[in-house]
Amino acid sequence: MSGAAHVKRVRALHQRKVREAEGLFLVQGRKVVAEVLASPFDVVEVFATEEAARDMALEQAHVLPAHDLERMGTFEHGNEVVAVVR
């Protein structure tokens with residue numbers, strides 16, 4: 036799947052009705068994503084910049100350019116890591 040397709044799918048989760056229908060929610064930022072990865076939550080996908088994936092040892096992360104992650108997240112800054120969680 037292309038970066039643009041990932042962005043479109045994750046951005047849809049910004050809408051409450053989509054989150055409720057899919058049973059998914061977004062987590063963003065290094066600290067919160069690390070916490071959810073260590074929790075019993077079902078992490079469906081993780082998207083990260085190359086640097087964040089390396090620093091956090093995220094072997095299963097989809098590595099995307101920073102500009103794609105900025106479009107995925109809702110923060111003005113700190114969108115190096117975004118996770119989709121069930």
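Sequential numbering of the sequence shown, starting at 36, is according to the working numbering.
No residue lacks a Cβ here, since even glycine has one placed at the ideal position from N, Cα and C.
As assigned by DSSP and simplified to three states, the class of residue i
i    : result
L104 : helix
H49  : coil
L72  : helix
Alpha carbon of residue i to alpha carbon of residue j, nearest angstrom
i    : j   : result
V71  : V78 : 8 Å
G108 : K52 : 17 Å
P100 : E85 : 8 Å
A39  : A56 : 22 Å
Q63  : E80 : 12 Å
F82  : H49 : 16 Å
Any non-hydrogen atom of the ligand FMN closer than 7 Å to residue i Cβ
i   : result
P75 : Within the structure as shown, the ligand FMN is missing, as the structure has no ligands at all.
Cross-strand partners of residue i (DSSP beta bridge)
i   : result
E80 : V119
Assumed close pair residue i, residue j - CB separation to whole angstroms, cut-off 8 Å
i   : j    : result
V42 : R106 : 5 Å
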